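Colleague: Counted the way the working numbering counts, the sequence shown spans residues 3 to 352.
By construction, the Cβ of each residue, glycine as well, lies at the ideal position given by its N, Cα and C atoms.
A quick note: this is a predicted structure, and the numbers were derived from the prediction, not measured.
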Amino acid sequence: MKKFIALGASVVVESGAGAGASIADEDYRAMGAEVVADGAANGANIVLGIQGPETDLLAGANPGAWVVAGLDPFGKRERVDAYAAAGLEAMAMEFMPRITRAQSMDILSSQSNLAGYKAVIVAADLYGRAFPMMMTAAGTVSAAKAFIMGVGVAGLQAIATARRLGAQVSATDVRSATKEQIQSLGAKPIFVESVAGIEGEGAGGYATEMSPEYQKAQAELVSSHIAKQDIVITTALIPGRPAPRLITDAQIATMKPGSVIFDLAVASGGNVEGSLPDEVVVKHGVKIVGYSNPTTHLAADASALFSRNLYNFLSAFWDKEAGKPVLDEEIGNAIRLTQGGKVVNERLLG
Numbered sequence: 003m004k005k006f007i008a009l010g011a012s013v014v015v016e017s018g019a020g021a022g023a024s025i026a027d028e029d030y031r032a033m034g035a036e037v038v039a040d041g042a043a044n045g046a047n048i049v050l051g052i053q054g055p056e057t058d059l060l061a062g063a064n065p066g067a068w069v070v071a072g073l074d075p076f077g078k079r080e081r082v083d084a085y086a087a088a089g090l091e092a093m094a095m096e097f098m099p100r101i102t103r104a105q106s107m108d109i110l111s112s113q114s115n116l117a118g119y120k121a122v123i124v125a126a127d128l129y130g131r132a133f134p135m136m137m138t139a140a141g142t143v144s145a146a147k148a149f150i151m152g153v154g155v156a157g158l159q160a161i162a163t164a165r166r167l168g169a170q171v172s173a174t175d176v177r178s179a180t181k182e183q184i185q186s187l188g189a190k191p192i193f194v195e196s197v198a199g200i201e202g203e204g205a206g207g208y209a210t211e212m213s214p215e216y217q218k219a220q221a222e223l224v225s226s227h228i229a230k231q232d233i234v235i236t237t238a239l240i241p242g243r244p245a246p247r248l249i250t251d252a253q254i255a256t257m258k259p260g261s262v263i264f265d266l267a268v269a270s271g272g273n274v275e276g277s278l279p280d281e282v283v284v285k286h287g288v289k290i291v292g293y294s295n296p297t298t299h300l301a302a303d304a305s306a307l308f309s310r311n312l313y314n315f316l317s318a319f320w321d322k323e324a325g326k327p328v329l330d331e332e333i334g335n336a337i338r339l340t341q342g343g344k345v346v347n348e349r350l351l352g
């Protein structure tokens, strides 16, 4: 609040907005913000949110007002069209380009980092044994074996967290460049070596869908490896498409009873056959769990990082004379979905 006000903005907060992160309305007032129960968007030039608000909540916003949030443009395309029809400029923070100067604005990275951590903590809680090796007078407890599938931001944090808890950690990814990252965290890389020439690196550092040959080779490798694991964390997402299926029911059946799988992609269709959002599913004695929004289980930290992402974005482009942010083409064209009553983002027009 203090930083936004220091830019010259007046700030209005929806009553109860911070309750889940243990931030009271009075805390916002103490920072100089106005707290209102209804109509928080009335007279707003910029509306900041976590997830995109429906247009009825934006009825009082000024013409051409920005809506800056995680907007799920592919999954909520009708809402994007509604923003355009309402004359709003929608800015999808998850479309932030993965370039050096935008790292501090990247909500996917900040939230995925927390999600990867939480996945391991939840898996450790559900797992009926200890993670680290323990040598006691009563005998030795073997270290748990954890396998991380997908080594983006969430996967890297999952590796680091599982290592801190004392597990034997291995990991895989379709992008060959991640092998060194896995090794740098002290984990064992599990990669398909028999299919050459496949990098799996798409635009902006995201993974792309693999050829049938690679998918077959990967499935065979994973099947033999997964049967030996106690904990599996799946993190694979492809922007704009359903999550790729990484683990089948037949593969789950090969795992030891009492093993745990955490599916971080459950909200996008799931990497794991049979996973359900916000439920613990038991199949073949294996517990399968996935949260539709894992960062809500770390609300205070998630809110702090998310709000800093938003502030870094707006302050980087703040024009003091205009009293508002003015975007450049590189970032503006990447994240702007609607303008002038039309959908303008190329990713939605293709």
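#1: For the segment 125-208, list the beta strand (DSSP E) runs that are entirely contained and at least 3 residues long, ordered along the chain.
#2: Exposed or buried, what is Ala140 when buried is set at 16 or more other beta-carbons lying within 10 Å of its beta-carbon?
#3: Excluding the 5 residues flanking Ala302 on each side, which residues of the same chain have their C-beta closer than 7 Å to its C-beta?
#4: How many Å lie between Gly54 and Glu195 at the Cα?
#5: In the DSSP assignment, the alpha helix (DSSP H) including Ala378 goes from what residue to what residue?
#6: Give me the Cα-Cα distance between Lys120 and Asp83, rounded to the nearest whole angstrom.
#7: For a minimum of 4 consecutive residues, which ranges assigned as the alpha helix (DSSP H) are wholly contained in the segment 271-341?
#8: Quick one: Cα of Ala71 to Cα of His286, how far?
#9: Please report how far the alpha carbon of Ile123 lies from the alpha carbon of Asn64, in whole angstroms.
#10: Relative to the alpha-carbon of Ala19, which residue among Ala42, Ala11, Gly34, Met33 has its alpha-carbon at the smallest distance?
#11: In the DSSP output, which residue or residues are listed as bridge partners for Leu50?
#12: Closest by CA to Val15, which one among Ala35, Lys218, Ile48?
#13: To the nearest angstrom, how far is the alpha carbon of Ser144 from that of Thr297?
#14: If you pair each beta-carbon of the segment 74-94 with each one of the segment 330-339, do three or more pairs fall below 8 Å?
#15: Closer than 6 Å by C-beta to Ser277: which residues in its own chain qualify, once you throw out the five before and the five after it? Chain order, please.
#16: I need the straight-line Cα distance from Ser270 to Leu239, nearest angstrom please.
Modeller: So, to answer that:
#1: If only complete runs of 3 or more residues are kept, the segment 125-208 shows the beta strand (DSSP E) at 136-138, 141-143, 147-151, 170-174, in order along the chain.
#2: In the sequence shown, counting from the first residue as 1, residue 140 sits at position 138. The residue in question, Ala140, is exposed, as its Cβ has fewer than 16 Cβ neighbours within 10 Å.
#3: By 1-based counting over the sequence shown, the position of residue 302 is 300. So the list reads Ala23, Ser24, once near-sequence residues are dropped.
#4: Position 52 of the sequence shown, counted from the first residue, corresponds to residue 54. Position 193 of the sequence shown, counted from the first residue, corresponds to residue 195. Whole-angstrom Cα-Cα distance: 42 Å.
#5: No statement about residue 378 is possible, as the shown extent of the chain runs from 3 to 352 and does not include it.
#6: Residue numbering aside, residue 120 sits at position 118 when the sequence shown is read from its first letter. Residue numbering aside, residue 83 sits at position 81 when the sequence shown is read from its first letter. So the alpha carbons of these two residues sit roughly 34 Å apart.
#7: Complete alpha helix (DSSP H) runs here, min 4: 301-318, 331-337.
#8: Here residue 71 is taken as the residue at index 69 of the sequence shown, counted from 1. Here residue 286 is taken as the residue at index 284 of the sequence shown, counted from 1. The straight-line gap from Cα to Cα measures roughly 40 Å.
#9: Here residue 123 is taken as the residue at index 121 of the sequence shown, counted from 1. Here residue 64 is taken as the residue at index 62 of the sequence shown, counted from 1. The alpha-carbon atoms of Ile123 and Asn64 are separated by roughly 44 Å.
#10: For the purposes of this step, residue 19 is identified with residue 17 of the sequence shown, where counting begins at 1. Nearest option by C-alpha distance: Ala42.
#11: Start at 1 with the first residue of the sequence shown, and residue 50 comes out as number 48. Note: Leu50 sits in a beta bridge opposite Val70.
#12: Residue numbering aside, residue 15 sits at position 13 when the sequence shown is read from its first letter. When only C-alpha atoms are compared, the closest one is Ala35.
#13: If you number the sequence shown from 1, residue 144 lands on position 142. If you number the sequence shown from 1, residue 297 lands on position 295. Cα-Cα distance, rounded: 31 Å.
#14: Yes, they touch.
#15: Locating residue 277 in the sequence shown gives position 275, where the first residue counts as 1. Within the same chain, Ser277 has close Cβ partners Asp265, Val268, Ile290, Gly292.
#16: In the sequence shown, residue 270 corresponds to position 268, counting from 1. In the sequence shown, residue 239 corresponds to position 237, counting from 1. Going by the C-alpha atoms only, they are around 8 Å apart.
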